[in-house]
Amino acid sequence: MSNIACWMSEKKIQKINWVEFEKTCKQYGFGLFKLDLNTSLESQGTFCVFLHKLTDIIASADQGDPKCASLIHRVEEYIKAHPSLVVLDPISNVRQLLNRYISYRKINSTNLHKFGIFIPNFCELNSNNLQELSNQLKNSKVTYPFICKPSLGHGSKEAHSMSLIFNEKGLHDCKTPCVAQSFINHNAVLYKIFIVGDKHHFVERPSLKNFHACDDETIHFDSSDVSKAGSRNSLTLLEPYEIVDKVEPDPEVLKRIAVTLRDEFGMDLLGVDVVIENNTGRYAIIDINSYPGYDGFPDFYDALVNCINKKVNSKCKIDKFGDN
Ligand SMILES: Nc1ncnc2c1ncn2[C@@H]1O[C@H](COP(=O)(O)OP(=O)(O)O)[C@@H](O)[C@H]1O
Ligand SMILES: [Mg+2]
253 MSNIACWMSE KKIQKINWVE FEKTCKQYGF GLFKLDLNTS LESQGTFCVF LHKLTDIIAS
313 ADQGDPKCAS LIHRVEEYIK AHPSLVVLDP ISNVRQLLNR YISYRKINST NLHKFGIFIP
373 NFCELNSNNL QELSNQLKNS KVTYPFICKP SLGHGSKEAH SMSLIFNEKG LHDCKTPCVA
433 QSFINHNAVL YKIFIVGDKH HFVERPSLKN FHACDDETIH FDSSDVSKAG SRNSLTLLEP
493 YEIVDKVEPD PEVLKRIAVT LRDEFGMDLL GVDVVIENNT GRYAIIDINS YPGYDGFPDF
553 YDALVNCINK KVNSKCKIDK FGDN
């Protein structure tokens with residue numbers, strides 16, 4: 253039987269329904285086992301698919317953590333030695349998503365702007381000189397209030413420690429290196445698009461409430477407290493006068509985003525955060541992640557194994573007949 257080898261953090265492993273996942277794999281003719289990255293991969297049996305969520309390990313390896321670097325090295329060597337292995341998703345493609353600035357630039361290079369979809373103005377801040385920061389923000393048309401997001405979006409708790417800066421006085425709160433991004437008012441509603449190969453699904457989540465440029469002090473927050481299902485706190489609750497009828501998102505626009513970004517990033521397992529701008533109704537992409545949580549994705553395991561199966565079949569064809 254063809255095997256799928258899987259590696260995820262202990263936390264992510266806990267959330268998986270293994271009985272269901274294994275059963276679905278079997279229906280498609282696959283066996284399933286957990287890979288141990290601490291020992292030789294060759295010794296763990298044969299597998300034709302490697303399914304992983306290695307983002308945090310790759311991020312820490314790239315930051316110089318020797319243990320993570322050696323794990324990733326082991327994985328990369330194995331992949332190199334087994335060219336017919338199907339990897340979801342390829343390590344080099346996952347790497348493009350680690351740095352927020354690089355991902356935003358990549359999204360901006362697509363034709364999504366033709367469909368009224370945009371990335372809020374952003375720039376990368378590396379300096380600690382306030383005048384320089386102020387000039388950079390002006391040049392990139394980043395407006396107040398803006399969110400300061402750590403450039404590295406994975407690998408540590410700090411990757412999600414953010415600031416909302418309301419005025420020039422707040423510039424000294426920028427923790428560089430970071431990406432500064434104009435805040436888009438969106439009535440505290442965010443849509444998460446979950447992508448699994450050629451299928452996608454979106455769910456609604458809480459999000460930051462509306463904010464305006466003012467004299468307020470900087471607000472520091474942990475983004476993991478904001479857009480989880482059911483998270484309600486002072487940052488996500490709208491003022492009573494702001495509560496309006498919700499605009500339903502246009503499924504065609506969300507589909508356009510899913511199809512375009514899957515293609516652009518060369519990845520099958522993606523999550524994209526989208527908000528709809530008040531007044532203009534334009535769609536803003538504010539975040540993209542590899543292998544997101546998929547909470548609320550109907551028949552997730554079936555979609556996942558179906559996607560894996562298609563990849564295995566098309567890879568077999570390429571291996572047999574060449575790529576043309
Ligand atoms: N440009 C923006 N405009 C308005 N709200 C934003 C913007 N960027 C982020 N947010 C809010 O901050 C939260 C965290 O930002 P995000 O970039 O998704 O970080 P993370 O990578 O930690 O998920 C989002 O869920 C959303 O509520
Ligand atoms: Mg997010």
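Quick note: the sequence shown uses this note's numbering, first residue 253, plus one each step.
Just so it is clear, CB atoms sit at the ideal spot from N, CA and C, and this is done for glycine as well.
Reduced DSSP secondary structure (H/G/I, E/B, other) of residue i
i: Tyr396; result: coil
i: Leu385; result: helix
i: Lys332; result: helix
i: Asn255; result: strand
i: Cys430; result: strand
i: His325; result: helix
i: Ser566; result: helix
i: Pro318; result: helix
i: Ser355; result: helix
i: Phe370; result: strand
i: His424; result: helix
i: His412; result: helix
i: His365; result: helix
i: Ile343; result: helix
i: Ile310; result: helix
i: Ile560; result: helix
Alpha carbon of residue i to alpha carbon of residue j, nearest angstrom
i: Trp270; j: Pro550; result: 16 angstroms
i: Pro372; j: Val338; result: 35 angstroms
i: Arg457; j: Gly548; result: 11 angstroms
i: Ile537; j: Asp525; result: 6 angstroms
i: Asn378; j: Lys390; result: 15 angstroms
i: Ile417; j: Ile268; result: 38 angstroms
i: Asp554; j: Thr307; result: 23 angstroms
i: Thr291; j: Leu460; result: 43 angstroms
i: Leu323; j: Phe302; result: 14 angstroms
i: Gln388; j: Gln433; result: 12 angstroms
i: His365; j: Glu504; result: 15 angstroms
i: Ile560; j: Tyr396; result: 44 angstroms
i: Ala481; j: Gly407; result: 22 angstroms
i: Leu489; j: Val441; result: 10 angstroms
i: Thr532; j: Phe367; result: 13 angstroms
i: Glu244; j: His325; result: Missing from the structure shown is residue 244; the chain here goes from 253 to 576 and no further.
i: Pro318; j: His412; result: 23 angstroms
i: Ser542; j: Lys305; result: 8 angstroms
i: Asn380; j: Asp468; result: 21 angstroms
i: Ile509; j: Tyr443; result: 12 angstroms
i: Gly545; j: Ser386; result: 37 angstroms
Close Cβ partners of residue i (< 7 angstroms) along its chain, the five nearest in sequence each way excluded
i: Arg347; result: Ile310
i: His438; result: Ser459, Val527, Ile528, Glu529 and Asn530
i: Thr362; result: Thr512 and Glu516
i: Thr276; result: Tyr553, Asp554 and Val557
i: Phe435; result: Pro397, Phe398, Ile399, Leu416 and Phe463
i: Phe370; result: Arg534 and Ala536
i: Tyr493; result: none
Own chain residues within Cβ distance below 6 angstroms of residue i, not counting five before or after
i: Leu506; result: Ile445 and Phe454
i: Phe299; result: Asn255 and Ala257
i: Met519; result: Asp341 and Asn345
i: Thr470; result: Ser415, Ile417, Gly422 and Asp425
i: Lys393; result: Asn373
i: His375; result: It should be noted that the sequence gives Cys, not His, for residue 375. Here the set comprises Gln388, Ser392, Val394 and Ala432.
Cβ-based neighbour list, residue i, same chain, cut-off 8 angstroms, excluding 5 preceding and 5 following
i: Arg484; result: Pro458
i: Ile540; result: Leu349, Ser355, Ile359, Leu513, Phe517, Leu522, Gly523, Val524 and Asp525
i: Gln296; result: Ala257, Phe285, Leu287 and Asp288
Given 8 angstroms, three or more beta-carbon pairs between the segment 314-332 and the segment 428-436 | no
Evaluate the contact criterion for the segment 286-294 versus the segment 255-275: three or more CB pairs, one atom per stretch, below 8 angstroms.
-> Touching, per the Cβ criterion.
Determine, using beta-carbon pairs with one atom in the segment 467-474 and one in the segment 440-453, whether at least three such pairs fall under 8 angstroms.
-> no
If you scan the segment 263-307 from start to end, which runs of the beta strand (DSSP E) of 3 or more residues do you find wholly inside it?
-> 282-286 and 301-304
May I have a chain-ordered list of the beta strand (DSSP E) segments no shorter than 3 residues that lie completely inside the segment 460-547?
-> 471-474, 521-528 and 535-542
Would you call the segment 402-417 and the segment 343-359 touching, i.e. three or more CB-CB distances under 8 angstroms?
-> yes
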